[in-house]
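Trainee: Converting from the sequence shown to my numbering requires adding 50 to each position, the first position being numbered 1. Note that CB positions come from ideal geometry on N, CA and C, so glycine has one too. Owing to the predicted nature of the structure, the values given are computational and were not obtained by experimental measurement. I have a structure here, written as C-alpha cells, and I will follow up with some questions on it.
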Amino acid sequence: MKKKIGILFILLLANVAMLKAQDEDPLYTRAGFKAGLNYANITGDIENSDARIRMHLGAVVEFPVTQRFFVQAEVLYSAQGYKIDEAGVENEVSLNYLALPIIAKYYFTPRFSLETGPRFANLASVSGSAEDTPDDFFDSFNSFDFGWVFGTGYKAESGLFFQLHYTLGLSNINDIDGVDISNNTSLFQLSVGYLFKTKNNRRQEPAGQE
C-alpha cells in the first residue's frame, strides 16, 4: 500500500509536468550533489533509544514543472541508526541505507521552498558497537524502508542550496519471525549542496521579475 502511494505521487507529478509544459516558458533541469548531517533515531515499540549524529551524501537532479514548482530526485547514501542501553552497555546501532527521495519543491519566494515527497530506502548494512551483539539481531531488520519527507529549502542563483528535512518512517524497519515489534525511522537531515549551471541550463525568474 505504501509503495502504491509513492508511485501514485510520482505519476501525479509527471502528469502535472506534461500539462504545464505547453503553457510555460522553457525551463531547464539542473544536476548536482548534496551532503550533510543526519540526526537519526527510531520510534515505536522500542524504549529508551537515543539519537545518533551521522551523515549523508549523494547526487541530486532538479526537474522544472512550472516557474515555482520543481521536483528533486536524489540518490543518497544515508548513515542512520540509534543508541540503546542493553544491560548497562551502550550499543550504537548503525543502519546504513541507499535512499531514493522524490521531493516536490514549491518556491513560495524566488529563493525559499516548501518541500515534501516519498522516500524509498534499501538497507545496505547493519552493525553494532557491542561486541556480544548476536547475529540474529542483525537479521531482524527489513531490507526496505518507506517514509515521507517534509521540509524547507533555500537556493541561491549560483546553484548553492540548503535543505532541512524530516523523514517520518511509515513502514516497520523490523522483521522478526513470530514477534510483533514495530519500529519506524525518525530522521532529521541538514544538507548543503550545489546544482551545476551552464549557459543553457538555468532556472528562469518567475514572470514579472527582472
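(1) How many Å lie between Q117 and A154 at the Cα?
(2) When you compare each of Q122, L164, L107 and V115 to Y147 by their alpha carbons, which one comes out closest?
(3) Is any heavy atom in the ligand ADP found nearer than 6 Å to the beta carbon of K84?
(4) Do you know how far the Cα of T159 is from the Cα of L145?
(5) Taking 7 Å as the limit between beta carbons, can you name the residues of its chain near D225, skipping five residues before and five after?
(6) Kindly indicate the opening and closing residues of the alpha helix (DSSP H) around D185.
(7) Mapping the DSSP letters down to three states, classify R80 as helix, strand or coil.
(8) Are Y244 and G86 close, meaning C-beta to C-beta below 7 Å?
(9) To the nearest angstrom, report how far apart E136 and A180 are at their CA atoms.
(10) Fully enclosed by the segment 107-155, which beta strand (DSSP E) runs are 3 residues long or longer?
Mentor: According to the structure data:
(1) About 13 Å.
(2) Out of Q122, L164, L107 and V115, L107 has the C-alpha closest to the C-alpha of Y147.
(3) Within the structure as shown, the ligand ADP is missing, as the structure has no ligands at all.
(4) The C-alpha of L145 lies about 36 Å from the C-alpha of T159.
(5) Closer than 7 Å at Cβ, skipping near neighbours: S190, F191 and N192.
(6) In the DSSP annotation of this structure, the continuous segment of the alpha helix (DSSP H) that includes D185 starts and ends at D185 to F188.
(7) DSSP, reduced to helix, strand and coil, places R80 within a strand of the structure shown.
(8) Against a cut-off of 7 Å, the Cβ pair of G86 and Y244 comes out as no contact.
(9) Roughly 9 Å separates the two Cα atoms.
(10) If only uninterrupted beta strand (DSSP E) runs of at least 3 residues are considered, those enclosed by the segment 107-155 are 119-136.
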